[in-house]
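Asker: Here it is: the structure, laid out below.
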Ligand code: BGC
């Protein structure tokens, strides 16, 4: 390692955080660290955050308190993980991440596996993400038609699973009211409406094909269920990608909004909304406040805005601009690109923090941004990225620890052994995110032994893509289960 290279040996206990900062002159380092300190969360602070979330989970579950709760704790009506005996032909839509996908899956009971699957990715232009709901659903219906046509399925009426990764109040399996848009979406006329109805109306407007019954599912639930196929003890699903969220199996007796006391139900926590009542103000920095104010949904999804891929790059950019203005970077000269909102993508953070090629990657990114950098600048930029991504990982770790502790206490177990199914680009692509997250969970949930199951494997882009498709196919497997469960639930 050269003297100017940094490697991170962050101690997540929060007491000491040793970063190799060789090559940065001491006076610059002190000033830079003054900014970065604001992103450092001590063990005590993380514990406090976890405790606040614990209380918010209870508020969200309560019959009379859930209306005002920032963490929505939405019942999903999923009461069991799949047993692999489901079969049939399904269509699936997946909306909510960076892309919109259409899939066709054939599941054979005997093999207990997906026999055939095809998928297609459709881009959703940014204007459409913020246009009218009618335009969005017409586009989705058109993509679905193209897919059916190219797979000779346009005359079939197949059941459809809809992975819709936004907070929805699930009224019935095929009735799901959008509470609010998150991430980059803000289409008019959809909030407060039944998303399934809007989809069906768009298909009816076309009149050239039809679909069968529809099952709605959040991506966290899909992840938990898909991982549940590989590991029966998977009871938590977590996403750290464009957005962040988690679901887990809660005791029915605690789900006050749903009749019945027996068994468990999967709860979509929507933890991205944590802090929307101001409870995280003490840890929000001025940069978080700007990110929130400039977003299309100010005041909403506070926790998500400190954590997920949609926002991390922007926090880094704002910090870099400030450090430059303070003369601590690039000889005090910014560039047009650096001053452009959202120009600094979160994937750059992962590239910059890479152990082996990080310094080189940093310099490539800075050159791309038209900045005049030297080696000290590159080191400072790496420190900045590290501070932002570490905070994100630790906050996620604290939140996950809250869920694990809750499950353990619910079951009155001395030790809990459980598995978390995880998906999302931030978790999967960042070089040390998962490590820091785990360390935080170990610290805050010492009586829980947690196995992490990434819901896709393969490092290559192509492999990742194929597996991403798999994940949602598995999600379809459980939709059959979901439908069965729902029927049983209605009969009770
Ligand atoms: C949404 C969640 C979703 C998460 C991850 C959040 O913005 O509110 O429903 O699970 O993103 O995609």
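Residue numbers (the UniProt record's numbering): 1 to 492. Glycine residues also receive a C-beta, built at the ideal position from the N, C-alpha and C atoms.
1) Out of 261, 156, 142, 184, which one is the CA nearest neighbour of residue 90?
2) Would you say the beta carbon of residue 183 is closer than 7 Å to some non-hydrogen atom of ligand 1?
3) Could you tell me if residue 127 is buried or exposed, where buried requires 16 or more neighbouring beta carbons within 10 angstroms of its beta carbon?
4) Measuring CB to CB, does residue 219 end up less than 8 Å from residue 302?
5) Span of the alpha helix (DSSP H) holding residue 284?
6) My output table needs one value for residue 343: the three-state DSSP class, helix, strand or coil.
7) Tell me whether the beta-carbon of residue 106 lies closer than 8 Å to the beta-carbon of residue 120.
8) Between residue 375 and residue 142, what straight-line distance do the alpha-carbon atoms span, to the nearest angstrom?
9) Alpha carbon to alpha carbon, how far is residue 428 from residue 310? Give it in angstroms, no decimals.
10) Going by C-alpha distance, which of 448, 257, 280, 172 is nearest residue 58?
11) Here's a check: name, in chain order, each residue in its chain whose Cβ is nearer than 8 Å to the Cβ of residue 378, leaving out the five neighbours to either side.
12) So, helix, strand or coil for residue 361, using DSSP?
13) Taking the straight line between their C-alpha atoms, what separation do you get for residue 469 and residue 423?
14) Start and end of the beta strand (DSSP E) containing residue 264?
15) Note down, in chain order, each residue of its chain lying with its Cβ closer than 8 Å to the Cβ of residue 129, except the 5 sequence neighbours on either side.
16) Would you tell me roughly how many angstroms separate the C-alpha atoms of residue 282 and residue 39, rounded to the nearest one?
17) Check whether the Cβ atoms of residue 381 and residue 352 sit closer than 8 Å, and answer yes or no.
18) Going by CA-CA distance only, name the one from 46, 338, 118, 123 that's closest to residue 319.
19) Just to confirm, does residue 297 get its C-beta within under 7 Å of one of the non-hydrogen atoms of ligand 3?
20) Since residue 176 and residue 195 should fall inside the 8 Å C-beta cutoff, what is the C-beta to C-beta distance between them, to a whole number of angstroms?
21) What are the residues that DSSP puts in a beta bridge with residue 422?
22) With a threshold of 7 Å, establish whether the CB of residue 166 neighbours any heavy atom of ligand 1.
23) Just checking my contact of residue 73 with residue 244 at CB under 8 Å: how many whole Å lie between their CB atoms?
24) For residue 373 and residue 299, what's the separation of their Cα atoms in angstroms?
25) Taking the straight line between their C-alpha atoms, what separation do you get for residue 286 and residue 292?
26) Hey, out of 416, 410, 426, whose CA is closest to residue 54's CA?
27) Does at least one heavy atom of ligand 1 sit under 7 Å from the Cβ of residue 218?
28) What does the Cβ neighbour count give for residue 12, buried or exposed, with the cut at 16 atoms within 10 Å?
29) Is residue 243 near ligand 1, in the sense that its beta carbon is under 7 Å from a heavy atom of that ligand?
30) Entirely within the stretch 100-158 and at least 4 residues each: give me those alpha helix (DSSP H) ranges in chain order.
31) Mind reading off the beta-carbon distance from residue 420 to residue 452? Whole number of angstroms is fine, and I expect it under 8 Å.
32) DSSP three-state label for residue 26, please.
33) Can you tell me which of the three DSSP states residue 369 falls into?
34) Does the CB of residue 305 have a neighbour CB from chain D at under 8 Å?
35) So, helix, strand or coil for residue 510, using DSSP?
36) If you measure from the CB of residue 272, is any heavy atom of ligand 1 nearer than 7 Å?
Answerer: Looking at the coordinates:
1) 156
2) yes
3) exposed
4) no
5) Counting along the chain, residue 284 falls outside any alpha helix (DSSP H), and DSSP gives it neither H nor E.
6) coil
7) no
8) 50 Å
9) 15 Å
10) 257
11) 4, 359, 362, 363, 366
12) helix
13) Note that residue 469 scores a pLDDT of 36, beneath 50, so its modelled location is shaky; the value from the coordinates is reported in the next line. Computed Cα separation, rounded: 12 Å.
14) 264-268
15) 136, 184, 185, 186, 187
16) 11 Å
17) yes
18) 338
19) With respect to ligand 3, the structure shown offers nothing to examine, as its ligands consist of ligand 1.
20) 5 Å
21) 238, 454
22) yes
23) With a Cβ gap of about 16 Å, residue 73 and residue 244 do not count as contacting.
24) 36 Å
25) 10 Å
26) 410
27) yes
28) Reliability of the predicted coordinates at residue 12 is poor, the pLDDT of 47 falling under 50, and no value is obtained from them.
29) yes
30) 126-129, 133-150
31) 5 Å
32) helix
33) coil
34) The displayed structure is made up of one protein chain only, and chain D is not part of it.
35) Because the chain here runs from 1 to 492, residue 510 falls outside it and cannot be looked at.
36) yes
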